[in-house]
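**Q** Before we start, here is the structure in question, set down as structure tokens.
Number of protein chains: 2
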Amino acid sequence: MPAKSSLNLSGNRFAVAYRLSDSLEAAWARAQDICFEQTVEFPEELLPAGEIRDHLVGRVEALEELEPGQVEVVVSYAVEIVGADLTQLLNVVFGNISLKPGVRLERLELPESLLQRYRGPRFGREGLRDWLGASGRPLLATALKPVGLTSHELAEQAYQFALGGIDIIKDDHGLTDQPFAPFRERVERCAEAVRRANRETGGRSIYVANVTAPGEEALERALLAKAAGAGGLLVCPGLTGFDTMRRLAEDDRIALPVMSHPAFLGSWVTSPTSGISHHALFGQIMRLAGADAVIYPNWGGRFSFSRDECRQIAEGCEAPMGHLKPAFPTPAGGMTPERIPEMSVFYGQDAIFLIGGGLHRDGPDLAQNSRRLVDLLLQYR
Amino acid sequence: MPAKSSLNLSGNRFAVAYRLSDSLEAAWARAQDICFEQTVEFPEELLPAGEIRDHLVGRVEALEELEPGQVEVVVSYAVEIVGADLTQLLNVVFGNISLKPGVRLERLELPESLLQRYRGPRFGREGLRDWLGASGRPLLATALKPVGLTSHELAEQAYQFALGGIDIIKDDHGLTDQPFAPFRERVERCAEAVRRANRETGGRSIYVANVTAPGEEALERALLAKAAGAGGLLVCPGLTGFDTMRRLAEDDRIALPVMSHPAFLGSWVTSPTSGISHHALFGQIMRLAGADAVIYPNWGGRFSFSRDECRQIAEGCEAPMGHLKPAFPTPAGGMTPERIPEMSVFYGQDAIFLIGGGLHRDGPDLAQNSRRLVDLLLQYR
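Line by line, the protein sequences are chains A and S.
For the first sequence, this note's numbering assigns the number 1 to the initial residue and increments by one for each residue that follows.
For the second sequence, this note's numbering assigns the number 1001 to the initial residue and increments by one for each residue that follows.
Here it is, written out as structure tokens:
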């Protein structure tokens, strides 16, 4: 959902738009409640006059009935209350009120005074295109799977996909550090396989390693992946927390493109009246947390996102956010080569089409299946 | 929702019960889909015979119509597929299917071969009672607030609460590292204030520091809190990721009781047909992630959890999970002293009653308000 209007807030406040499932009158009361719940969490009548009441308590900046029973309110908060912590920004924006049904976070309006604390996508669309040497067309991605294959088998897949010209060859997000294909061995072999294919084709495909892991392990695995020559990182922020992804994206020792995967994020977007909008979650918050490419289930696949929700994600991936670069929407989830024409029209060039299992359906020669997909893409770009 | 029946799985498989909003026939098909989606994520017809198909793909173990259109299925997964990572356990249990509405995670059945990788609550109910010297009654907790007060003012509050005999005096979860009360200063002063009160009363109250923070900061703050003499940690796993809480709970350098706060977790439980059950999220998963006390909004307060949902949480906090200790349900969210009799009957002795703003309503003498609350509690235990 694009911004209805931009507020003229001073640089020391930021704003959040919420959709309330309320009458106008009830929405007014609920908006007041949000102002207290998300900040001081203290009975209004007991709050002393002064700075806390005047500045730290949230402030209702706008209130508009969208349709009967649906009201959009915009609440502003003091920048000091969130400091430089992404965890605390998410807390103020939607911490406690996530527990109150009928409130949906629609979008963020963040001033540069707050945005400057975030690097955002390190590469962004332009940077990733440069890295891959791919201009004037959507990018192609695929996934190494299924879990249970050996590192050797996964590397062979990676080699074939790169030989066939797929830009981004990523681990399935279910590949972590299992005995069948331990992390280090898998990542070294797959990175090497893609390098080997690149040497043969002159291409610039990258292998993207899944570094979703507990605590410090994620950082250690990212450093290992970097050392092994991986060309990017896959992170599931629903599993690691958003800030873990941000930290990996901002670490200059790593300096690799980051793809976000939507695992364990679904409940945020399954209700139209609660949770977080697709625009804010898969667009704005993912960019704050450093994603260069945002994977999500495309409409018409195995999942249930609608065309309109996918459009909102694509918009959120490029909506103005100060110095934060735009990210690539990366529709996935049961896509097949047959969907390429339709996706090309819908998303245009600035997207990554992620086709996993679908690339296996045309027979065992994965390089040839990949070449066909590339040809199809170039035909419809 | 308590386990309907215990399955006799071999030690190398664990099970998950899901509630599907489907007819029996559709549920059967959906259960098959879950078996693939959560593991190999690969077209069934392309999967080679052998170990992957026979062992790694999920397996439907039970299917039962609860009422028309509501079916419970139990799916088992191979322990090897999750290894020792909590992130990967959550991924297999509910990663991709969180994106498919109409599937609700109801409960986990984990064998000791998997549970042995988790420490769980370090103190548990008995350990926390020993730590606090409190037996034969529910425990009392309160929160330092509002954000915006100085460290000095917050410490004065902490002193008064401890003087009045409140067992656990925790930071409001909105207190992080803001300029009004920087983390280190606040924690040192509040911990000292509670020690001072304990010396005067002979009591054993603890100050619990909020260490919810980005990445490594959470660990650094926890170590600082330990050094400053805090008696526990408050963590919002919705903001940090569950594994960050687990790591803080399992770190022997810290070895402090952990309270979990529900901020940014609401969307998991706002729909009765999607997301995660209260039992699994606030009971089982919180214990896997090391919480000794689980804060959640009690029925009848500012939030919307029902009596039955609160009962499910209390059950999840003590349901058998191998060697994992039971945690304290910690109902909160707009509770007042008047609710004590009702809560005492509902929860019995094994709960922590968290009363925040409500303790300020009886006038500015917080020590006296606290003493009255303690008296009330002892009267109704």
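Even glycine gets a Cβ: it sits at the ideal position worked out from N, Cα and C.
Going by the beta-carbon positions, is the gap between S:I1352 and S:L1046 smaller than 7 Å?
**A** No, Cβ-Cβ distance for S:I1352 and S:L1046 is not below 7 Å.
**Q** Opposite A:Q70 in the DSSP bridges: which residues?
**A** A:Q70 pairs with A:E67.
**Q** Closer than 7 Å, CB to CB, is S:F1303 near chain A or not?
**A** S:F1303 counts as touching chain A.
**Q** State the Cα-Cα distance for the pair A:R381 and S:M1259, rounded to the nearest angstrom.
**A** Going from the Cα of A:R381 to the Cα of S:M1259 covers about 53 Å.
**Q** Distance, Cα to Cα, A:G356 vs A:E338?
**A** Straight-line Cα distance between these residues: approximately 13 Å.
**Q** Residue range of the beta strand (DSSP E) that A:K325 falls in?
**A** Here A:K325 belongs to no beta strand (DSSP E), and DSSP marks it neither H nor E.
**Q** Apart from the five residues on each side of it in sequence, which residues of its chain come closer than 6 Å, Cβ to Cβ, to A:V93?
**A** Around A:V93: V16.
**Q** How long is the line joining the alpha carbons of S:S1005 and A:R372, rounded to whole angstroms?
**A** Low confidence applies here, because S:S1005 scores a pLDDT of 46, under 50, leaving its location unreliable; read the following figure in that light. If you take the alpha carbons of S:S1005 and A:R372, they lie about 51 Å apart.
**Q** Against chain S, does A:P146 count as a neighbour if the rule is that its beta carbon must be under 7 Å from one of theirs?
**A** A:P146 counts as touching chain S.
**Q** Once DSSP output is grouped into helix, strand and coil, what is the label at A:L99?
**A** It is helical.
**Q** Quick check: is the beta carbon of S:R1307 nearer than 7 Å to any beta carbon in chain A?
**A** By this cut-off, S:R1307 is not an interface position.
**Q** Answer yes or no: do S:C1317 and S:P1329 have a C-beta to C-beta separation smaller than 7 Å?
**A** Result yes, Cβ atoms of S:C1317 and S:P1329 sit closer than 7 Å.
**Q** Looking at chain A, is there any beta carbon in it that lies within less than 7 Å of the beta carbon of S:L1056?
**A** Yes, contact with chain A.
**Q** Of all the CB atoms in chain A, is at least one closer than 7 Å to the CB of S:D1350?
**A** No - not a single Cβ of chain A is within 7 Å of the one on S:D1350.
**Q** Residues in the same chain with beta-carbon distance under 6 Å from A:Q88, minus the five sequence neighbours each way, listed in chain order, please.
**A** Excluding positions up to five away in sequence, the list reads V82.
**Q** For S:L1376, I'd like the list of residues in its chain whose CB is within less than 7 Å of its CB, leaving aside the five on either flank, ordered along the chain.
**A** Once the five neighbours on either side are set aside, the close Cβ partners of S:L1376 are P1337 and I1340.
**Q** Quick one: what's A:E109 bridged to in DSSP?
**A** According to DSSP, A:E109 bridges with A:A15.
**Q** Rounding to the nearest angstrom, what Cα-Cα distance links A:S76 and A:E41 in this structure?
**A** A:S76 and A:E41: Cα-Cα distance of roughly 16 Å.
**Q** Please name the residues in the stretch 74 to 97 of chain A whose beta-carbon is closer than 7 Å to at least one beta-carbon of chain S, in chain order.
**A** Correct list: E80, I81, G83, D85, L86, T87, Q88, L90, N91, F94, G95 and N96.
**Q** Closer than 7 Å, CB to CB, is S:R1117 near chain A or not?
**A** No, its Cβ sits nowhere closer than 7 Å to a Cβ of chain A.
**Q** Provide the residue(s) that pair with S:L1139 in DSSP beta bridges, ordered along the chain.
**A** S:L1139 is bridged to S:I1352.
**Q** Report yes if the CB atom of S:E1250 is closer than 7 Å to the CB atom of S:R1119, and no otherwise.
**A** Taking 7 Å as the Cβ cut-off, S:E1250 and S:R1119 qualify as a contacting pair.
**Q** Looking at the structure shown, is S:M1001 part of a helix, part of a strand, or coil, going by DSSP?
**A** Its pLDDT being 35, under 50, S:M1001 is placed unreliably by the model, and nothing is read from it.
**Q** Given a cut-off of 7 Å, decide if A:T244 and A:A218 are closer than it, judged by their beta-carbon atoms.
**A** Their beta carbons are under 7 Å apart, which means A:A218 touches A:T244 by this criterion.
**Q** Is any beta-carbon of chain A found at less than 7 Å from that of S:M1001?
**A** Bear in mind that the predicted position of S:M1001 carries a pLDDT of just 35, short of 50, making it unreliable; the figure below should be weighed with that in mind. No, S:M1001 lies away from the interface with chain A (no Cβ there is under 7 Å from its Cβ).
**Q** May I ask which residues mark the beginning and end of the beta strand (DSSP E) holding A:E298?
**A** Looking at the sequence provided, one finds Asn at residue 298 of chain A rather than Glu. Counting along the chain, A:N298 falls outside any beta strand (DSSP E), and DSSP gives it neither H nor E.
**Q** Using 8 Å for Cβ pairs, my map puts A:F303 next to S:K1226. What's the rounded Cβ distance?
**A** Contact doesn't hold; Cβ gap of about 44 Å is too wide.
**Q** Using a Cβ cut-off of 7 Å, pull out every chain A residue sitting near S:D1365, in sequence order please.
**A** Result: empty, since nearest Cβ-Cβ is about 14 Å, beyond 7 Å.
**Q** Excluding the 5 residues preceding and the 5 following A:L110 in the sequence, name in chain order all residues of the same chain whose CB lies nearer than 6 Å to its CB.
**A** Only F14 meet the Cβ criterion.
**Q** Please classify A:P2 as buried or exposed, where buried requires at least 16 neighbouring CB atoms within 10 angstroms.
**A** Any reading at A:P2 must be qualified, since the residue scores a pLDDT of 36, below 50, and its modelled position is unreliable; the value itself is stated next. Exposed: under 16 other Cβ atoms inside 10 Å.
**Q** With distances taken from CA atoms, which of A:T201, A:Q178 and A:C35 is nearest S:L1056?
**A** Measuring from the Cα of S:L1056, the nearest candidate turns out to be A:Q178.
**Q** Give the single residue among A:R196, A:H279, A:C190 and A:G238 whose Cα lies nearest to the Cα of A:L224.
**A** Here the closest residue by C-alpha is A:C190.
**Q** Kindly list, in the order they appear in chain S, the residues whose Cβ is closer than 7 Å to that of A:K170.
**A** Those within 7 Å of A:K170 in chain S number zero; the least Cβ separation is about 12 Å.
**Q** Three-state secondary structure (DSSP) at A:P331?
**A** Three-state DSSP puts A:P331 in a strand.
**Q** How do the stretch 1065 to 1073 of chain S and the stretch 1018 to 1038 of chain S stand: do at least 3 beta-carbon pairs fall below 8 Å, yes or no?
**A** At 8 Å Cβ cutoff, the stretches touch.
**Q** Just tell me which of S:L1114, S:G1102 and S:S1023 has its CA closest to the CA of S:L1389.
**A** Shown here, chain S extends from 1001 to 1381; a query on residue 1389 of chain S therefore has no answer.
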